[in-house]
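For reference, the structure is listed below as structure tokens.
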Amino acid sequence: MTDECRDLSGTQQLSIVIRFVHDQYIDVIDYSNVVKEYFLGFVPLEEFDAATLTLKIVEFINKLNIPLRSCICLCFDQIVNLRNEKSFNQIYNRTKQFCDVNGIDLIQKYEIHCKTKISARFNDCFINSTLGRREKLSISTDFMYQIYFPVINCILVDLNGRFSSKTLSLMRSISTVYPESHFVLNIDDVDEFSRHIDADLSALKNEFIVIKSMFMSKFINDVIQFLNELIPFSTAFQQTLRMIKSSVTMTISQVT
Numbered sequence: 031m032t033d034e035c036r037d038l039s040g041t042q043q044l045s046i047v048i049r050f051v052h053d054q055y056i057d058v059i060d061y062s063n064v065v066k067e068y069f070l071g072f073v074p075l076e077e078f079d080a081a082t083l084t085l086k087i088v089e090f091i092n093k094l095n096i097p098l099r100s101c102i103c104l105c106f107d108q109i110v111n112l113r114n115e116k117s118f119n120q121i122y123n124r125t126k127q128f129c130d131v132n133g134i135d136l137i138q139k140y141e142i143h144c145k146t147k148i149s150a151r152f153n154d155c156f157i158n159s160t161l162g163r164r165e166k167l168s169i170s171t172d173f174m175y176q177i178y179f180p181v182i183n184c185i186l187v188d189l190n191g192r193f194s195s196k197t198l199s200l201m202r203s204i205s206t207v208y209p210e211s212h213f214v215l216n217i218d219d220v221d222e223f224s225r226h227i228d229a230d231l232s233a234l235k236n237e238f239i240v241i242k243s244m245f246m247s248k249f250i251n252d253v254i255q256f257l258n259e260l261i262p263f264s265t266a267f268q269q270t271l272r273m274i275k276s277s278v279t280m281t282i283s284q285v286t
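As structure tokens, this is what we get:
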């Protein structure tokens, strides 16, 4: 897990922590002993977009010889960090290049059919509606202030009021390995998280069917007890164990 923070001098940096599950049977279920966390170090930052953070994390992990395939990729690039001129220029340049290659006129030429006249009551104010005149977008800063920033603002407002259906689907998929969930071992809801951790979906569904018949008459309290029950059969239930370990080490806050 990584997150951005500042040191005493104000320098932005990444704090990196590893979280994992032991591959061993736990005689006494101790929740503090199942998921281990260790602080690995800090990485100084100069840029804060998702691509830069990913590169820094991969470089750091490789130096410690931690296999990337064993890590879960769950990255949040805060959209508020995109609300700057540098991020806009990256998008604008790619858009302009696409338009040039495909013969699309990015700078539209408007034909004046009648003389524009604005009501006096609209003087000295900005009208963000269909009233008044249409703004002409001719240079990159026009696109940035008239389109890019307003779009970012609308997205931020929208995200504060709802969760995406994909996120909810992922949460339901994770809950299939939690005995207290209504969706436990439900093969119809397992796809989303299985794809996320790159598990063998076909093998996972087959394992779910076998596990359900094995433990049908046994009461299992929670996911840690479920993990304990399956560890002795780790060879037979590799995909299910992988899914459980991934779910219990999943971060609950918006860190990278």
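So the sequence shown is numbered by the working numbering: it starts at 31 and just counts up by one. Even glycine gets a Cβ: it sits at the ideal position worked out from N, Cα and C.
Residue of the options minimising C-alpha distance to residue i
i, options, result
"Arg-36", "Val-73, Val-47, Phe-256", "Val-73"
"Lys-196", "His-226, Gln-176, Val-214", "His-226"
"Ala-266", "Met-244, Ile-177, Arg-99", "Met-244"
"Thr-270", "Leu-200, Leu-234, Ser-199", "Leu-234"
"Ser-117", "Arg-49, Ile-182, Thr-279, Asn-95", "Ile-182"
"Leu-44", "Glu-237, Tyr-68, Glu-76, Ile-169", "Glu-76"
"Phe-238", "Ile-254, Val-214, Cys-129, Asn-119", "Val-214"
"Leu-94", "Val-64, Ile-204, Ile-274, Ile-48", "Ile-48"
"Arg-202", "Cys-101, Pro-262, Glu-222", "Glu-222"
"Ile-91", "Asp-79, Ala-80, Ala-81, Leu-70", "Leu-70"
"Ser-232", "Met-246, Ile-241, Ile-217, Glu-67", "Ile-217"
"Gln-268", "Phe-249, Ser-224, Asn-251, Gln-120", "Ser-224"
"Leu-83", "Gln-42, Val-240, Asn-123, Gly-133", "Gln-42"
"Leu-98", "Ile-134, Asp-228, Pro-262", "Asp-228"
"Leu-257", "Ser-247, Val-65, Ile-46", "Val-65"
"Ile-250", "Ser-264, Glu-210, Pro-262", "Glu-210"
"Ile-261", "Ile-241, Cys-184, Ser-247", "Ile-241"
"Ala-81", "Asp-135, Cys-101, Gln-120, Ser-100", "Gln-120"
"Ile-169", "Gln-255, Ser-100, Asn-123, Glu-67", "Asn-123"
"Met-280", "Met-246, Lys-248, Leu-200, Asp-252", "Leu-200"
"Cys-101", "Ile-46, Lys-126, Asn-132", "Ile-46"
Residue i (DSSP reduced to helix, strand or coil)
i, result
"Cys-35", "strand"
"Tyr-178", "helix"
"Gly-162", "The predicted position of Gly-162 is uncertain, since its pLDDT is 49 and thus under 50; a value taken from the coordinates is nonetheless stated next. Gly-162: coil per DSSP, three-state reduction."
"Ser-277", "helix"
"Val-73", "strand"
"Ile-48", "strand"
"Tyr-122", "helix"
"Glu-67", "strand"
"Gln-43", "strand"
"Cys-101", "coil"
"Asn-114", "coil"
"Asn-216", "coil"
"Pro-209", "coil"
"Thr-82", "helix"
"Thr-265", "coil"
"Asp-130", "helix"
"Ser-170", "helix"
"Ile-254", "helix"
"Leu-186", "helix"
Whole-angstrom C-beta distance between residue j and residue i, which should lie under 8 Å
i, j, result
"Val-278", "Val-51", "6 Å"
"Glu-115", "Met-174", "7 Å"
"Ile-6", "Thr-32", "Absent from the structure is residue 6, since the part of the chain shown begins at 31 and ends at 286."
Contact with chain D by residue i, beta-carbon distance below 7 Å
i, result
"Ser-170", "No chain D appears in the structure shown, which is made up of a single protein chain."
Give a yes or no on contact between the region 197-211 and the region 272-279, applying the rule of three or more CB pairs nearer than 8 Å. Between the region 197-211 and the region 272-279 there are three or more inter-stretch CB-CB distances shorter than 8 Å, so the stretches are counted as touching.
Alpha helix (DSSP H) segments (min. 4 residues) lying fully within the region 226-252: Whole alpha helix (DSSP H) segments, 4+ residues: 231-244.
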